[in-house]
Amino acid sequence: MNDLEKVNKLLFEEHYLINFIIPLKEVYKRDHPEDIDPFEEGYLIRFYNSEDHKVQFSTKDKKAVYKAYEFFSYQKQPLGTWINVYFIVSGGKVSNALYDVTKLIPSLNEISEWKFNLTDKYRIRAETKLKSTNRIEIEQSINNIQTFLNASGFIRDIGFHIQHYTVSPIPRYGLIGGSMDLWTQLSDPLTKDEKIKLNQLMGVKNKVRTALTGLNQSYTENLLPNRVARLWATIEHVFGTKAEPLLTECERKAIIKSAKRIDSLKKDGKLEKFISAISDRDRLSLEGRNRRIANNIADLMNMDKDKVYSDIQEISKFQGKHVHNIENNWKELEKSEKLLQNILLKYIELNLSIRRND
1 MNDLEKVNKL LFEEHYLINF IIPLKEVYKR DHPEDIDPFE EGYLIRFYNS
51 EDHKVQFSTK DKKAVYKAYE FFSYQKQPLG TWINVYFIVS GGKVSNALYD
101 VTKLIPSLNE ISEWKFNLTD KYRIRAETKL KSTNRIEIEQ SINNIQTFLN
151 ASGFIRDIGF HIQHYTVSPI PRYGLIGGSM DLWTQLSDPL TKDEKIKLNQ
201 LMGVKNKVRT ALTGLNQSYT ENLLPNRVAR LWATIEHVFG TKAEPLLTEC
251 ERKAIIKSAK RIDSLKKDGK LEKFISAISD RDRLSLEGRN RRIANNIADL
301 MNMDKDKVYS DIQEISKFQG KHVHNIENNW KELEKSEKLL QNILLKYIEL
351 NLSIRRND
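Take the sequence shown: its position 253, counting from 1, is numbered 253 in full-length UniProt numbering, and each next residue is one higher.
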């Protein structure tokens with residue numbers, strides 16, 4: 001039986017490809033198997049079946065490789081979508097409560113198309129499989145589970161906090177990726193360096209303490225929009241400065257004097273509103289709030305001002321959007337969270353470094 005016939009036979013027996021085909025040189029470089037010559041030309045083709053039975057062989061037969069590649073492309077075609085949502089139940093009228101949801105799960109499964117499972121007694125995974133890859137249907141499904149959780153929270157006077165979700169295509173054949181259960185991590189004892197750093201942090205200046213407070217508050221928030229809000233408030237407090245007025249006092253007085261000659265401004269309180277607007281340095285400043293924050297970050301941490309400003313502008317836009325819009329774009333928020341955390345972490349480390357050198 002030649003290699004092409006082997007491929008056809010395995011496909012007929014309902015095997016599927018995993019990792020597709022790997023050049024033998026790459027296999028040797030990664031695993032150093034004794035049965036593969038590092039200089040040998042060819043490919044390793046690896047098959048599995050539904051019972052995890054593995055069959056693999058190396059070949060130089062281009063027809064066998066092309067046949068495997070053709071099936072691999074067919075195999076990967078998505079037929080549906082697997083959505084997993086991970087959340088905890090806490091808060092509500094008792095602000096410090098964390099709820100054991102063991103008995104709650106069966107009743108949720110009775111009335112929902114989603115399947116609910118415990119990852120531990122406090123945390124839940126909800127999953128559903130759609131017979132569609134349509135983006136609108138996927139978003140609608142995620143909106144539906146959010147509405148279901150919101151309604152459940154209303155019924156029980158408790159909070160259902162989504163911590164993470166995954167959206168994965170369901171291939172025609174083979175494994176589905178994307179599930180990522182929440183897990184508990186064992187926290188190791190403090191190292192010698194960590195103890196030294198902790199003692200140093202006890203003596204930092206007020207703005208560094210604010211950065212530490214904001215980071216810690218973001219770590220303890222379960223809801224992503226709330227984490228970003230705490231981080232943004234911290235950035236404003238640490239790096240924000242008082243606005244400089246755009247107009248000098250002489251310019252402001254000259255403009256007001258001219259405005260008073262315009263009769264139409266004297267109606268409906270327009271003149272007073274205009275004077276108030278040009279006299280408010282926060283509304284009419286020499287540099288905008290985001291530019292001031294970006295410049296301070298860049299100057300303190302030796303970063304590119306334009307790049308920092310671009311990031312701050314984007315984060316500010318996302319933050320404003322989510323303050324006034326109850327729907328959440330998780331990718332926007334996750335990106336903002338990472339950028340803000342990195343700025344604060346770098347700021348704290350910089351101040352620690354300065355203290356060590358004093």
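Ideal Cβ placement from N, Cα and C applies to all residues, glycine included. Given the structure is predicted, the values throughout are model-derived calculations rather than measurements.
Status (buried if at least 16 other CB within 10 Å, exposed otherwise) for residue i
i	result
residue 310	exposed
residue 59	buried
residue 337	buried
residue 188	exposed
residue 84	buried
residue 269	exposed
residue 292	buried
residue 196	exposed
residue 294	buried
residue 320	exposed
residue 203	exposed
residue 136	exposed
residue 71	buried
Option in the options with minimal Cα separation from residue i
i	options	result
residue 115	106, 121, 107, 126	126
residue 301	345, 333, 218	345
residue 104	161, 156, 60	156
residue 132	118, 192, 81, 214	81
residue 212	348, 59, 60	348
residue 251	100, 278, 171	278
residue 258	274, 269, 169	274
residue 75	101, 172, 295, 2	172
residue 340	88, 214, 140	214
residue 288	118, 242, 255	242
residue 61	42, 73, 159, 70	42
residue 113	99, 144, 122	144
Spatial neighbours of residue i in its chain, beta-carbon cut-off 7 Å, leaving aside the 5 residues before and after
i	result
residue 210	234, 237, 238
residue 332	318
residue 298	304, 305, 308
residue 217	230
residue 353	none
Chain-order list of residues whose beta-carbon lies under 8 Å from that of residue i (same chain, five-residue window excluded)
i	result
residue 350	300, 301
residue 140	none
Beta-carbon proximity of residue i to residue j, cut-off 8 Å
i	j	result
residue 260	residue 271	yes
residue 130	residue 138	yes
residue 312	residue 290	yes
residue 47	residue 4	no
residue 315	residue 232	yes
residue 68	residue 88	no
residue 90	residue 15	no
residue 128	residue 118	no
Beta-carbon contacts of residue i that lie in its chain and below 6 Å, excluding the five residues immediately before and after
i	result
residue 286	244, 246
residue 164	86
residue 228	333, 336, 337
residue 207	238
residue 64	3, 4, 7
residue 106	none
residue 29	Note that residue 29 scores 48 on pLDDT, short of 50, meaning its location in the model is unreliable; the coordinates nonetheless yield the value given after this. The answer is none, since no qualifying residue turns up.
residue 282	243
Any non-hydrogen atom of the ligand MN within 7 Å of residue i CB
i	result
residue 54	The ligand MN is absent from the structure shown, which contains no ligand whatsoever.
field: Runs of beta strand (DSSP E) wholly within the segment 294-325 (minimum 3 residues, chain order)
entry: Within the segment 294-325, no complete beta strand (DSSP E) run reaches 3 residues.
task: Can you check the segment 199-228 for any alpha helix (DSSP H) of at least 4 residues that lies completely inside it and give the ranges in chain order?
output: Whole alpha helix (DSSP H) segments, 4+ residues: 206-220.
- prompt: Can you list, in chain order, the stretches of the alpha helix (DSSP H) that have 4 or more residues and sit fully within the segment 73-121?
  reply: Runs found: 104-111.
query: Taking the runs of the beta strand (DSSP E) that are 3 residues or longer, which of them lie wholly in the segment 119-159?
result: Correct list: 123-130.
task: Scan the segment 227-284 and note each continuous beta strand (DSSP E) run of 3 residues or more that stays entirely inside, going in chain order.
output: DSSP runs (the beta strand (DSSP E)) wholly in the segment 227-284: none.
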